[in-house]
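Data block below; observations after.
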Amino acid sequence: MFLHFGSMAERKGTLDILSGILLLENEQLKDKTFVFAGKVQNSIREQFYSLMEPAKEKAHILVFDEFCSYRFLYDLCFTCDVIVIPYKDTNLSSGVIGYAALFEKPVIGPGSGLIGKIVKTNQMGITLENISDYAISKAFQENIVCGRNQYIESNKLNVFVDTIYS
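Numbering follows the working numbering, with no gaps: position 103 of the sequence shown is 109.
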């Protein structure tokens with residue numbers, strides 16, 4: 007199960023994920039489920055649903071176009087196999103990285119910027135050098151694993167407090 011959650015927006019690669027699904031053959035999708043959980047932004051709403059129609063004919067896709075409670079997100083993160091974060095703005099951090107680390111789930115994410123550095127340094131999954139539907143579709147075919155989970159250890163509250171007061 008591949009999970010993409012949070013606000014659905016162009017800058018988060020939401021449409022690239024759907025286009026990536028459409029590039030795959032039905033046979034390549036038969037054992038995969040894709041979950042989109044979060045409010046679809048008005049700026050991509052029409053395109054999102056026009057891509058969703060043919061994608062749902064090829065793959066098992068669940069869409070929760072709404073604000074999602076923390077409890078629901080926890081349940082999704084616990085259940086999923088991979089968290090998909092093909093963000094285009096890579097120089098910002100993302101709370102999704104924290105969820106991935108907490109639940110020890112690998113990510114498919116960008117290879118550049120702060121997010122790419124975090125994913126690579128902490129062996130949290132695979133990174134894409136170019137965010138595109140083609141790169142994402144290839145990643146969906148990979149055996150994605152999460153390496154050592156150093157990120158969660160190095161970002162605990164006591165480490166933060168020790169750093170501030172040292």
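Glycine included, each C-beta is placed from N, C-alpha and C at the ideal position.
All values reported here derive from a predicted model rather than from experimental measurement.
- Beta-bridge pairing by DSSP links Val-69 to Phe-42.
- One thing to note: Glu-16 has its Cβ no nearer than 8 Å to the Cβ of Lys-45.
- DSSP places Pro-60 inside the alpha helix (DSSP H), whose first and last residues are 51-64.
- Taking C-beta atoms under 8 Å as the contact rule, Gly-26 and Tyr-93 fail to qualify, at a distance of about 14 Å.
- Contact annotation: Lys-111 and Cys-83 have beta-carbon atoms nearer than 8 Å.
- When the beta-carbon positions are compared, Met-14 and Thr-39 stay at least 8 Å from each other.
- CA-to-CA, the gap between Asp-95 and Asn-32 works out to about 31 Å.
- When DSSP states are grouped into helix, strand and coil, Val-113 belongs to the strand group.
- Beta-bridge partners of Ile-137 (DSSP): none assigned.
- Here His-10 is buried. Its C-beta has 16 or more other C-beta atoms within 10 Å.
- Annotated as proximal: Ile-103 and Ile-124, with beta-carbon spacing under 8 Å.
- Only residues of its own chain outside the window of five on either side were considered, and among them Gly-26, Leu-29 have a CB closer than 8 Å to the CB of Tyr-140, listed in chain order.
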